[in-house]
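Data block below; observations after.
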Amino acid sequence: PEWRIVLVGKTGMGKSAVGNTILGIPVFESEISPVSLTQTCQREEALLNSRKVVVVDMPGFLDTARPELKTSAEVRKCIKFCPPGPHVARLIKEIFTLKGKDYTIILFTHKEHLEGKTLEKFITEGNVGLKELVYQCGNRFLAFNNKAEGAEHEAQVGQLMAMIDALVQKNRTAPCYTEEMLKDDKEHFAKNWDFSWLCPLL
497 PEWRIVLVGK
507 TGMGKSAVGN
517 TILGIPVFES
527 EISPVSLTQT
537 CQREEALLNS
547 RKVVVVDMPG
557 FLDTARPELK
567 TSAEVRKCIK
577 FCPPGPHVAR
587 LIKEIFTLKG
597 KDYTIILFTH
607 KEHLEGKTLE
617 KFITEGNVGL
627 KELVYQCGNR
637 FLAFNNKAEG
647 AEHEAQVGQL
657 MAMIDALVQK
667 NRTAPCYTEE
677 MLKDDKEHFA
687 KNWDFSWLCP
697 LL
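Position in the sequence shown counted from 1, then plus 496, gives you the working numbering.
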(Lines of atoms letter the chains of each structure in order from A; the text may use other names.)
(Lines give C-alpha, C1' and ligand atoms only; values in the text may rest on other atoms or scores of the structure.)
Protein backbone atom coordinates (compact mmCIF):
# COMPACT_ATOMS: atom_id res chain seq x y z
CA PRO A 497 0.00 0.00 0.00
CA GLU A 498 1.05 3.60 -0.58
CA TRP A 499 0.93 6.69 1.60
CA ARG A 500 -0.92 9.73 0.19
CA ILE A 501 -0.33 13.11 1.82
CA VAL A 502 -1.63 16.60 1.00
CA LEU A 503 0.22 19.66 2.36
CA VAL A 504 -1.85 22.79 2.95
CA GLY A 505 -1.12 25.84 5.04
CA LYS A 506 -0.19 29.49 5.21
CA THR A 507 2.31 30.97 2.76
CA GLY A 508 5.86 30.98 4.08
CA MET A 509 5.38 28.24 6.69
CA GLY A 510 7.60 25.68 4.95
CA LYS A 511 5.06 23.35 3.29
CA SER A 512 7.22 22.73 0.24
CA ALA A 513 10.27 22.12 2.41
CA VAL A 514 8.26 19.57 4.38
CA GLY A 515 7.39 17.81 1.11
CA ASN A 516 11.07 17.64 0.20
CA THR A 517 11.89 16.34 3.69
CA ILE A 518 9.28 13.59 3.48
CA LEU A 519 10.35 12.44 0.01
CA GLY A 520 14.05 12.89 0.68
CA ILE A 521 14.61 14.71 -2.62
CA PRO A 522 14.30 18.43 -3.57
CA VAL A 523 11.33 18.18 -5.95
CA PHE A 524 9.31 21.14 -4.62
CA GLU A 525 10.60 24.69 -5.03
CA SER A 526 11.42 25.97 -1.56
CA GLU A 527 13.01 29.23 -0.45
CA ILE A 528 12.23 32.18 1.80
CA SER A 529 9.59 34.30 0.03
CA PRO A 530 6.72 36.61 1.08
CA VAL A 531 4.52 35.11 -1.66
CA SER A 532 3.64 31.52 -2.43
CA LEU A 533 6.14 29.88 -4.77
CA THR A 534 3.64 27.05 -5.35
CA GLN A 535 1.04 28.44 -7.74
CA THR A 536 -0.86 25.22 -8.52
CA CYS A 537 -1.12 21.77 -6.99
CA GLN A 538 2.05 19.77 -7.57
CA ARG A 539 2.19 16.00 -7.16
CA GLU A 540 5.45 14.16 -6.55
CA GLU A 541 6.28 10.68 -5.34
CA ALA A 542 9.18 8.57 -4.14
CA LEU A 543 9.90 5.20 -2.58
CA LEU A 544 10.45 5.11 1.17
CA ASN A 545 11.54 1.74 2.50
CA SER A 546 10.17 0.14 -0.68
CA ARG A 547 6.78 1.81 -0.17
CA LYS A 548 5.46 4.53 -2.47
CA VAL A 549 4.83 7.92 -0.90
CA VAL A 550 2.71 10.46 -2.80
CA VAL A 551 2.90 14.09 -1.68
CA VAL A 552 0.72 16.88 -3.10
CA ASP A 553 1.82 20.45 -2.36
CA MET A 554 -0.76 23.23 -2.60
CA PRO A 555 -0.48 27.03 -2.95
CA GLY A 556 -0.26 28.82 0.37
CA PHE A 557 -3.25 30.49 1.97
CA LEU A 558 -3.30 34.11 3.20
CA ASP A 559 -1.05 35.13 0.28
CA THR A 560 -1.55 38.85 -0.42
CA ALA A 561 -0.40 38.39 -4.02
CA ARG A 562 -2.93 35.65 -4.80
CA PRO A 563 -6.75 35.77 -4.54
CA GLU A 564 -8.15 33.33 -1.96
CA LEU A 565 -10.79 32.26 -4.50
CA LYS A 566 -8.06 31.01 -6.80
CA THR A 567 -6.22 29.25 -3.98
CA SER A 568 -9.34 27.59 -2.58
CA ALA A 569 -10.18 26.26 -6.05
CA GLU A 570 -7.03 24.14 -5.79
CA VAL A 571 -8.46 22.22 -2.81
CA ARG A 572 -10.68 19.99 -4.89
CA LYS A 573 -7.90 19.50 -7.41
CA CYS A 574 -5.53 18.24 -4.72
CA ILE A 575 -7.87 15.34 -3.95
CA LYS A 576 -8.00 14.41 -7.63
CA PHE A 577 -4.20 14.34 -7.62
CA CYS A 578 -4.11 11.40 -5.18
CA PRO A 579 -7.18 9.25 -5.85
CA PRO A 580 -9.23 7.95 -4.14
CA GLY A 581 -8.13 10.60 -1.62
CA PRO A 582 -5.36 11.45 0.83
CA HIS A 583 -4.77 9.33 3.91
CA VAL A 584 -3.57 12.37 5.78
CA ALA A 585 -3.28 16.07 5.28
CA ARG A 586 -1.46 18.98 6.85
CA LEU A 587 -4.38 21.38 6.70
CA ILE A 588 -5.92 24.58 7.98
CA LYS A 589 -9.18 24.06 9.81
CA GLU A 590 -11.13 26.56 7.69
CA ILE A 591 -10.98 24.11 4.78
CA PHE A 592 -11.33 20.69 6.41
CA THR A 593 -13.01 21.18 9.77
CA LEU A 594 -15.64 18.45 9.84
CA LYS A 595 -14.85 15.04 8.32
CA GLY A 596 -11.47 16.39 7.30
CA LYS A 597 -10.25 16.70 10.88
CA ASP A 598 -10.31 12.90 11.15
CA TYR A 599 -7.63 12.77 8.45
CA THR A 600 -5.44 15.59 9.72
CA ILE A 601 -2.05 15.63 11.42
CA ILE A 602 -0.82 19.02 12.63
CA LEU A 603 2.80 19.36 11.50
CA PHE A 604 4.91 22.16 12.93
CA THR A 605 7.96 23.34 11.01
CA HIS A 606 11.17 24.84 12.46
CA LYS A 607 11.52 22.24 15.20
CA GLU A 608 15.07 23.50 15.71
CA HIS A 609 13.68 26.76 17.12
CA LEU A 610 12.11 25.01 20.11
CA GLU A 611 15.55 25.20 21.75
CA GLY A 612 15.04 22.27 24.09
CA LYS A 613 11.37 22.93 24.81
CA THR A 614 9.09 20.00 24.07
CA LEU A 615 6.40 20.38 21.44
CA GLU A 616 3.80 19.46 24.05
CA LYS A 617 4.92 22.36 26.25
CA PHE A 618 4.91 24.72 23.26
CA ILE A 619 1.30 23.79 22.50
CA THR A 620 0.28 24.07 26.17
CA GLU A 621 1.70 27.59 26.27
CA GLY A 622 -0.01 28.52 22.99
CA ASN A 623 -3.25 30.38 22.50
CA VAL A 624 -6.67 28.82 22.88
CA GLY A 625 -7.13 28.55 19.10
CA LEU A 626 -4.01 26.43 18.69
CA LYS A 627 -4.94 24.11 21.54
CA GLU A 628 -8.48 23.73 20.19
CA LEU A 629 -7.19 22.91 16.70
CA VAL A 630 -4.85 20.24 18.05
CA TYR A 631 -7.67 18.79 20.17
CA GLN A 632 -10.12 18.75 17.25
CA CYS A 633 -7.55 16.85 15.20
CA GLY A 634 -7.25 14.11 17.80
CA ASN A 635 -4.06 15.45 19.39
CA ARG A 636 -2.11 14.24 16.36
CA PHE A 637 0.90 16.49 15.98
CA LEU A 638 4.63 16.45 15.42
CA ALA A 639 7.42 18.83 14.46
CA PHE A 640 9.91 18.75 11.59
CA ASN A 641 13.36 20.19 11.25
CA ASN A 642 13.60 20.52 7.47
CA LYS A 643 17.37 20.95 7.75
CA ALA A 644 17.84 17.65 9.56
CA GLU A 645 20.11 15.03 8.06
CA GLY A 646 20.99 11.41 8.66
CA ALA A 647 19.42 9.69 11.66
CA GLU A 648 17.42 12.77 12.73
CA HIS A 649 15.88 13.09 9.26
CA GLU A 650 15.01 9.39 9.11
CA ALA A 651 13.53 9.45 12.62
CA GLN A 652 11.14 12.34 12.01
CA VAL A 653 9.93 10.97 8.65
CA GLY A 654 9.52 7.55 10.26
CA GLN A 655 7.46 9.10 13.06
CA LEU A 656 5.15 10.75 10.51
CA MET A 657 4.68 7.53 8.55
CA ALA A 658 3.90 5.62 11.75
CA MET A 659 1.27 8.23 12.62
CA ILE A 660 -0.23 7.89 9.14
CA ASP A 661 -0.41 4.11 9.45
CA ALA A 662 -2.13 4.47 12.84
CA LEU A 663 -4.58 6.98 11.37
CA VAL A 664 -5.39 4.71 8.42
CA GLN A 665 -6.05 1.88 10.87
CA LYS A 666 -8.26 4.13 12.99
CA ASN A 667 -10.22 5.14 9.87
CA ARG A 668 -10.20 1.64 8.41
CA THR A 669 -13.85 1.77 7.34
CA ALA A 670 -13.10 4.95 5.36
CA PRO A 671 -9.30 5.17 5.16
CA CYS A 672 -8.97 8.33 3.08
CA TYR A 673 -10.56 11.78 2.72
CA THR A 674 -12.68 11.69 -0.43
CA GLU A 675 -14.21 14.23 -2.78
CA GLU A 676 -17.63 13.39 -1.36
CA MET A 677 -16.42 14.23 2.15
CA LEU A 678 -15.03 17.53 0.90
CA LYS A 679 -18.41 18.30 -0.68
CA ASP A 680 -20.21 17.56 2.59
CA ASP A 681 -17.82 19.77 4.54
CA LYS A 682 -18.23 22.61 2.06
CA GLU A 683 -22.04 22.37 2.20
CA HIS A 684 -21.90 22.61 6.00
CA PHE A 685 -19.88 25.80 5.74
CA ALA A 686 -22.28 27.23 3.17
CA LYS A 687 -25.14 26.81 5.66
CA ASN A 688 -23.43 27.69 8.91
CA TRP A 689 -20.35 29.86 8.30
CA ASP A 690 -19.42 33.05 6.51
CA PHE A 691 -16.63 31.56 4.44
CA SER A 692 -18.00 32.79 1.11
CA TRP A 693 -14.67 32.27 -0.61
CA LEU A 694 -15.23 28.50 -0.35
CA CYS A 695 -18.22 28.60 -2.71
CA PRO A 696 -16.26 28.06 -5.96
CA LEU A 697 -14.70 24.86 -4.60
CA LEU A 698 -17.17 22.50 -6.29
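We put the CB at the ideal spot given by N, CA and C, even for glycine.
All values derive from a computational prediction rather than experimental measurement.
DSSP beta-bridge partners for Leu544?
Arg547
Tell me whether the beta-carbon of Ala644 lies closer than 9 Å to the beta-carbon of Lys607.
yes
CB-CB under 6 Å to Cys633, same chain, minus the five flanking residues each way: which ones, in chain order?
Lys597, Thr600, Ile602
Are the CB atoms of Lys548 and Glu541 within a distance shorter than 9 Å?
yes
To the nearest whole angstrom, what separates the beta carbons of Thr605 and Gly510, a pair I think is in contact under 8 Å?
4 Å
So, for Gln655: in the same chain, excluding its five sequence neighbours on each side, which residues have a beta-carbon less than 7 Å away from its beta-carbon?
Leu638
Does DSSP put Lys506 in a helix, a strand or coil?
strand
At the level of alpha carbons, what is the spacing between Gly701 and Gly556?
This structure gives no information on residue 701, because the portion of the chain shown stretches from 497 to 698.
Residue ranges of each beta strand (DSSP E) run of no fewer than 3 residues wholly in the stretch 628-682, ordered along the chain?
637-639
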